[in-house]
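Trainee: Take a look at this one; I'll ask things after.
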Amino acid sequence: MSSQPPIGEIHSAVHSAPGVPVIKSVNWEGLRTLYIKEVRRFFKVQLQTVWAPAITTLLFLIVFTIATGARSPVPVDGQIVAFADFIAPGLIIAQGMMGPAFANASFSLLVGKMQGTIVDYLQPPLATGELLAALVGGAVTRAVIVGIVVWAAMALYPGVHVTPHAPLAIIWFGFLGAVFLALLGVLTSIWADKFDHAAAVTNFVIAPLSLLSGTFYSVDKLAPAFRAFSHANPFFYIISGFRYGFLGIADSPVMIGGIVILVIDLVLATLCYRLLKSGWKLKN
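Numbered according to this note's numbering, the sequence shown spans residues 2 to 285.
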């Protein structure tokens, strides 16, 4: 007797009923493929996507510690910290990680819409969550790579001490900060219709929030009104918590900052998920 199943059973196993997904769990292979595609895309132009932001971040450090002569100690939480040691963690997270994360995430869907290849993201058998995870994962990977390069260069730079004090805080705020900007990048790429729109978000939203977040100064020195504005800036909590990972001191309660950024990331992830699922400005 033949051990082969009937032809009808073979046909039903190959073709699912209309509306019934063939892949009923997480499409790990598809998720992995899109993630690798995102990583390979920025690695092909790594001089621009990895080394350029790393060098720019190091130039900020050189300018503020040598060219301007700004070497006076900075008071933080009642303690005195060398200026170079104070700004180094903020530069790593703000300039070296969060900026590249936004740039990477805001590029993929936008260039797809402009070139008419957005179908390459929407047509494959990927769930909305899988698509979002791959886009954010690629952006976070780029942020981590640039951050490690900048940290390694600063560790060799004379007069700068970036030895980890609380590695868990570095990982927590580094990861959540990169995810935060990656999600903002996805939102921007969904909303934007051309590169000018993405550049406007970078110049008028990301850059001001980054520069006014306490990267180059302690918020304790600010007037009450500006101090209140700083505490309403999500970048402030990310940079303060990340700085705590290296110095052991922070401008704000580390636990509260970690919770605030986690909640913001969850809200942004939910918003991105709903917009991607609805196809707003993507399918029409």
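Glycine included, C-beta positions come from ideal geometry on N, C-alpha and C.
Should Phe108 be labelled buried (16 or more other beta-carbon atoms within 10 Å of its own) or exposed?
Mentor: Buried, by the Cβ-count rule.
Trainee: For the 8 angstroms Cβ check, are there 3 or more pairs between the stretch 159-173 and the stretch 237-247?
Mentor: Yes: at least three Cβ pairs fall under 8 angstroms.
Trainee: Bridge partners of Gln80, per DSSP?
Mentor: Answer is Val77, bridged to Gln80.
Trainee: Counting along the chain, where does the alpha helix (DSSP H) carrying Pro168 start and finish?
Mentor: Start and end: Pro168 to Trp192.
Trainee: In whole angstroms, what separates the C-alpha of Val147 from that of Val180?
Mentor: Their backbone Cα atoms lie some 14 angstroms apart in a straight line.
Trainee: Please list, in chain order, all residues of the same chain as Leu136 whose beta carbon is under 7 angstroms from its beta carbon, the five residues on each side excluded.
Mentor: Cβ within range, chain order: Glu39, Ala106, Ser109 and Val187.
Trainee: In the structure shown, what three-state DSSP assignment does Trp281 receive?
Mentor: Three-state DSSP puts Trp281 in coil, outside helix and strand.
Trainee: Start and end of the alpha helix (DSSP H) containing Tyr122?
Mentor: Run containing Tyr122: Val120 to Leu123, per the alpha helix (DSSP H) assignment.
Trainee: Could you give the residue range of the alpha helix (DSSP H) that holds Ser329?
Mentor: Coverage of the chain is limited to positions 2 through 285, which leaves residue 329 absent and any answer about it impossible.
Trainee: In terms of alpha-carbon separation, which member of Leu269, Ile240 and Phe196 lies closest to Phe217?
Mentor: The shortest Cα separation from Phe217 among Leu269, Ile240 and Phe196 belongs to Ile240.
Trainee: So the candidates are Leu60, Ile93 and Phe196; which of them puts its Cα closest to the Cα of Gly113?
Mentor: Residue Phe196 is the option with its Cα nearest to Gly113.
Trainee: With a CB to CB cut of under 6 angstroms and the five nearest residues on each side skipped, what residues in its chain are close to Val161?
Mentor: Result list for Val161: Ala85, Ala89 and Met155, in chain order.
Trainee: Report the residue from Val46, Asp194 and Gly215 whose alpha carbon sits nearest the alpha carbon of Val75.
Mentor: Taking only the C-alpha atoms, the option nearest Val75 is Gly215.
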